[in-house]
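Engineer: I am attaching a structure below and will ask some questions about it afterwards.
Numbering (the working numbering), first residue to last: 1124 to 1286.
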């Protein structure tokens, strides 16, 4: 157990190492988002047992603060890219009553779709200024959505643990 000036006490939790402090991320619904540091598992699939160093925690702080600073721009990209993913993977089913057996969702804009990606499970920050946002996706709660951001640009969107 170590203590960091920004993250507070850092301990091994249910998905790797995290700080005691939680954060509110503007534009999203949840007010107590847990932040995890580094990878959860090593190359052999074993849980990591060593806490990140103070220098690593400083780097993760820098990545997180830069993310918050650029969030308004990042959100525009998240809205567009998650909507594009919805159109590619889900819309043919959920917008067609003959396929889904239910009334269409009428999700035809990125703004309407963004309402389905409001529930952040957690955020993971790793090396090279990478931040992953794990989201409970209303459209597909089984797979969720994970948004991979590097240097404040969305570089990948997939199911949880796929990016």
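Where a beta carbon is used, it is the ideal one built from N, C-alpha and C, also for glycine. Source: prediction; values computed, not measured.
If you measure between the beta carbons of residue 1129 and residue 1184, is that distance less than 8 Å?
Structural biologist: Looking up residue 1129 in the chain shown gives position 6. Looking up residue 1184 in the chain shown gives position 61. Taking 8 Å as the Cβ cut-off, residue 1129 and residue 1184 qualify as a contacting pair.
Engineer: Quick check on this structure: which residue in 1215, 1158 and 1207 has the alpha carbon closest to the alpha carbon of residue 1243?
Structural biologist: Along the chain shown, one-based indexing puts residue 1243 at 120. Ranking the options by Cα distance to residue 1243, first place goes to 1158.
Engineer: Could you give the first and the last residue of the continuous beta strand (DSSP E) run that contains residue 1283?
Structural biologist: Within the chain shown, residue 1283 is the residue found at index 160, counting from 1. Taken as a continuous stretch (DSSP letters only), residue 1283 belongs to no beta strand (DSSP E), as it is neither H nor E.
Engineer: Could you have a look at residue 1140 and say whether DSSP puts it in helix, strand or coil?
Structural biologist: Indexing the chain shown from 1 puts residue 1140 at position 17. Three-state DSSP puts residue 1140 in a strand.
Engineer: Where do the ends of the alpha helix (DSSP H) carrying residue 1242 lie?
Structural biologist: Position 119 of the chain shown, counting from 1, holds the residue named residue 1242. No alpha helix (DSSP H) contains residue 1242, which is instead part of the beta strand (DSSP E) from 1242-1249.
Engineer: What are the partner residues of residue 1126, as DSSP defines its beta bridges?
Structural biologist: Translated into positions along the chain shown, residue 1126 becomes position 3. According to DSSP, residue 1126 bridges with 1132.
Engineer: Please report how far the alpha carbon of residue 1188 lies from the alpha carbon of residue 1146, in whole angstroms.
Structural biologist: The residue given as residue 1188 occupies position 65 in the chain shown. The residue given as residue 1146 occupies position 23 in the chain shown. Between the alpha carbons of residue 1188 and residue 1146 lies a distance of about 11 Å.
Engineer: If distances are taken between C-alpha atoms only, which option among 1215, 1233 and 1142 comes closest to residue 1226?
Structural biologist: Start at 1 with the first residue of the chain shown, and residue 1226 comes out as number 103. Taking only the C-alpha atoms, the option nearest residue 1226 is 1215.
Engineer: Which value, in whole angstroms, describes the spacing of the CA atoms of residue 1167 and residue 1221?
Structural biologist: Translated into positions along the chain shown, residue 1167 becomes position 44. Translated into positions along the chain shown, residue 1221 becomes position 98. Going by the C-alpha atoms only, they are around 45 Å apart.
Engineer: Quickly, what does DSSP pair residue 1203 with across the bridge? List them, please.
Structural biologist: Residue 1203 sits at position 80 when you count from the first residue of the chain shown. Beta-bridge pairing links residue 1203 to no other residue.
Engineer: In chain order, what residues of the same chain have a beta carbon less than 6 Å from the beta carbon of residue 1217, not counting five sequence neighbours either side?
Structural biologist: Here residue 1217 refers to the residue found at position 94 when the chain shown is read from its first residue. 1223 and 1228.
Engineer: Using only the alpha-carbon positions, how far apart do residue 1202 and residue 1233 sit?
Structural biologist: Translated into the one-based positions of the chain shown, residue 1202 becomes position 79. Translated into the one-based positions of the chain shown, residue 1233 becomes position 110. Their Cα atoms are separated by approximately 5 Å.
Engineer: Is it the case that the Cβ atoms of residue 1248 and residue 1186 are separated by a distance below 8 Å?
Structural biologist: Walking along the chain shown from the start, residue 1248 turns up at place 125. Walking along the chain shown from the start, residue 1186 turns up at place 63. Closer than 8 Å, so yes.
Engineer: With distances taken Cα to Cα, identify the nearest neighbour of residue 1161 among 1171, 1275 and 1260.
Structural biologist: Residue numbering aside, residue 1161 sits at position 38 when the chain shown is read from its first letter. By alpha-carbon distance to residue 1161, the top candidate from 1171, 1275 and 1260 is 1171.
Engineer: List the DSSP bridge partners of residue 1212.
Structural biologist: Numbered from its first residue, the chain shown carries residue 1212 at position 89. Answer is none; residue 1212 lacks a bridge partner.
Engineer: Can you list, in chain order, the residues of its chain with a C-beta nearer than 7 Å to that of residue 1204? Leave out the 5 residues immediately preceding and following it.
Structural biologist: Residue 1204 sits at position 81 when you count from the first residue of the chain shown. Once the five neighbours on either side are set aside, the close Cβ partners of residue 1204 are 1277 and 1280.
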